[in-house]
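Single-structure report; data block below.
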Amino acid sequence: MSNSLPQDAVHALEQIQGKFPGYRRAHAKGEFYEATFTPNGNAIPYTIAAHLQQVPVPATVRFSNSPPDPSAADFLSPAKGMSIHFHQPDGSTSHQVCTTVPMFITKDPKTFVEMLKILGSHKTGIHSIDLGLGIAQLLTTFPEQKNTLLALKEQLKQPPISYAALNYYPIHAFYFVNAERKRQAIKYEWHPLKEDKSPSIFSSINLSSNYLSEDLDKRLEKGVSSFELYIRLAEDTDLTDDPTDVWPADRQKVSVGQLTITNKIFPTESLLFDPTIVGKGIELTDDPILHFRHEAYAVSYDRRNKENKKTP
Numbered sequence: 151m152s153n154s155l156p157q158d159a160v161h162a163l164e165q166i167q168g169k170f171p172g173y174r175r176a177h178a179k180g181e182f183y184e185a186t187f188t189p190n191g192n193a194i195p196y197t198i199a200a201h202l203q204q205v206p207v208p209a210t211v212r213f214s215n216s217p218p219d220p221s222a223a224d225f226l227s228p229a230k231g232m233s234i235h236f237h238q239p240d241g242s243t244s245h246q247v248c249t250t251v252p253m254f255i256t257k258d259p260k261t262f263v264e265m266l267k268i269l270g271s272h273k274t275g276i277h278s279i280d281l282g283l284g285i286a287q288l289l290t291t292f293p294e295q296k297n298t299l300l301a302l303k304e305q306l307k308q309p310p311i312s313y314a315a316l317n318y319y320p321i322h323a324f325y326f327v328n329a330e331r332k333r334q335a336i337k338y339e340w341h342p343l344k345e346d347k348s349p350s351i352f353s354s355i356n357l358s359s360n361y362l363s364e365d366l367d368k369r370l371e372k373g374v375s376s377f378e379l380y381i382r383l384a385e386d387t388d389l390t391d392d393p394t395d396v397w398p399a400d401r402q403k404v405s406v407g408q409l410t411i412t413n414k415i416f417p418t419e420s421l422l423f424d425p426t427i428v429g430k431g432i433e434l435t436d437d438p439i440l441h442f443r444h445e446a447y448a449v450s451y452d453r454r455n456k457e458n459k460k461t462p
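Residues 151 to 462, numbered by this note's numbering, are exactly what the sequence shown covers, in order.
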């Protein structure tokens with residue numbers, strides 16, 4: 151991989167809707183929440199990861215919109231994110247970075263940068279972009295990515311009613327490693343414990359541009375919001391290095407624990423979520439996009455931290 155690609159990717163992100171000093175270059179708008187992850191022990195045969203044994207661990211969760219613009223209206227963001235820090239007993243953290251689209255748009259970092267440049271060419275104003283036109287050109291230029299791009303386009307048509315009512319996917323495959331050092335390839339899935347399919351939120355003419363965080367805050371005033379974590383177990387024919395590949399639906403699905411979100415917190419925006427920080431008992435695959443994200447996130451993290459230090 152070219153050493154300049156992560157820099158090129160972050161620069162291309164800055165061209166899509168503009169540069170917003172001090173903010174993440176993607177998923178700039180987000181809110182942090184305190185949570186507890188309670189494992190059920192079902193992952194023990196597959197991994198020694200501390201947060202997947204039988205003892206609850208505290209967690210920090212960030213829900214977010216996908217655009218680089220921190221003021222983007224919630225209903226205009228095509229994909230939503232849920233990122234998690236699992237705080238381990240030894241003081242370390244294990245990270246997950248999830249999105250509502252279950253696959254990535256390409257398996258090649260260079261192609262990803264080219265896609266970002268195409269999206270950035272469809273500006274309609276200083277901080278505006280016509281995502282519909284951008285995705286249409288991507289479909290023409292990269293027809294092999296049709297499934298992922300159409301999934302993204304579909305999310306533009308149907309804004310979610312709540313962060314708490316969505317499925318989230320960390321996209322990449324990982325290896326679980328058990329006490330006997332046996333490896334098992336897995337993919338994660340998060341599903342809300344309470345499914346809310348009511349479209350009534352969209353009947354309001356005065357729908358707030360921040361309705362997703364407002365909705366979650368109201369839910370937490372009345373109780374908690376919970377998600378179940380599942381793993382899919384790979385078979386020998388399943389690809390582990392291609393984040394555009396969705397494994398067959400008949401792969402064994404195992405519930406491994408529950409995430410319970412309790413209240414909003416206000417940590418600094420310097421908090422980093424890196425999908426390659428996984429901890430003992432979990433190993434990275436050879437997925438080029440996974441390793442590229444580590445490098446690109448580091449570039450974004452460095453830029454926004456330097457910008458924040460300059461702010462009086």
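Here a beta-carbon is modelled for each residue, glycine too, at the ideal position from N, C-alpha and C.
Close Cβ partners of residue i (< 7 Å) along its chain, the five nearest in sequence each way excluded
{"i": "N192", "result": "V404, S405, V406"}
{"i": "V449", "result": "P156, Q157, V160"}
{"i": "P206", "result": "T186, F187, T188"}
{"i": "E445", "result": "P156"}
Contacting residues, own chain, Cβ-Cβ under 8 Å from residue i (five flanking each side not counted)
{"i": "T250", "result": "A229, K230, G231, Q305, P310, L316, N317, Y318, Y319"}
{"i": "S216", "result": "A176, H177, S227, P228, A229, K230, G231, T249"}
{"i": "D391", "result": "K257, A323, T435, D436, D437, P438"}
{"i": "P417", "result": "F182, T210"}
{"i": "N455", "result": "S420"}
{"i": "I268", "result": "G284, Q287, L288, T291"}
Candidates the options, of which the one nearest residue i by Cα
{"i": "L434", "options": "F324, K344, W397, E445", "result": "F324"}
{"i": "I198", "options": "Q238, I234, Y447", "result": "Q238"}
{"i": "L299", "options": "E164, F254, A314", "result": "F254"}
{"i": "Q165", "options": "L343, S271, A301", "result": "S271"}
{"i": "V247", "options": "N458, F213, F416, A335", "result": "F213"}
{"i": "P252", "options": "E264, M265, A223, N297", "result": "N297"}
{"i": "Y173", "options": "A162, L266, P393, S221", "result": "S221"}
{"i": "A223", "options": "E364, A286, E378, S154", "result": "E364"}
{"i": "D240", "options": "E445, K430, H441", "result": "K430"}
{"i": "E264", "options": "F292, S244, A286", "result": "F292"}
{"i": "I336", "options": "V374, R382, Q408, L421", "result": "R382"}
{"i": "T426", "options": "I321, L379, P171, N455", "result": "I321"}
{"i": "Q343", "options": "S420, S376, R453", "result": "Checking the sequence shown, residue 343 turns out to be Leu, not Gln. When each option's Cα is compared against that of L343, the closest is S376."}
{"i": "R369", "options": "Y313, Y338, Q408, L421", "result": "Y313"}
{"i": "E330", "options": "K260, W340, R401, P195", "result": "P195"}
Collapsed DSSP secondary structure at residue i in the structure displayed
{"i": "M265", "result": "helix"}
{"i": "A209", "result": "strand"}
{"i": "A185", "result": "strand"}
{"i": "V374", "result": "coil"}
{"i": "Y318", "result": "strand"}
{"i": "S348", "result": "Low per-residue confidence applies at S348: pLDDT is 48, beneath 50, and the placement is therefore not dependable enough to give any value."}
{"i": "A448", "result": "helix"}
{"i": "D440", "result": "For the sequence presented, residue 440 should be read as Leu rather than Asp. Three-state result, L440: helix."}
{"i": "T410", "result": "strand"}
{"i": "Q334", "result": "strand"}
{"i": "S363", "result": "helix"}
{"i": "N215", "result": "strand"}
{"i": "P342", "result": "strand"}
{"i": "K403", "result": "strand"}
{"i": "L202", "result": "helix"}
{"i": "G191", "result": "coil"}
{"i": "Y196", "result": "coil"}
{"i": "R174", "result": "coil"}
{"i": "G429", "result": "coil"}
{"i": "L389", "result": "coil"}
{"i": "K421", "result": "Correcting the residue identity first, residue 421 is Leu in this sequence and not Lys. DSSP places L421 in coil when its eight states are reduced to three."}
{"i": "L383", "result": "strand"}
Boundaries (first-last residue) of the beta strand (DSSP E) holding residue i
{"i": "H237", "result": "230-237"}
{"i": "S244", "result": "243-249"}
{"i": "I432", "result": "432-434"}
{"i": "V327", "result": "324-327"}
Where the alpha helix (DSSP H) containing residue i begins and where it ends
{"i": "I166", "result": "155-166"}
Interface flag, residue i vs chain C, CB-CB below 7 Å
{"i": "D258", "result": "Within the model displayed, chain C is absent; a lone protein chain is all it includes."}
6 Å CB neighbourhood of residue i in its chain, flanking five on each side removed
{"i": "E184", "result": "T412, N413, I415"}
{"i": "I234", "result": "A209, V211, Q246"}
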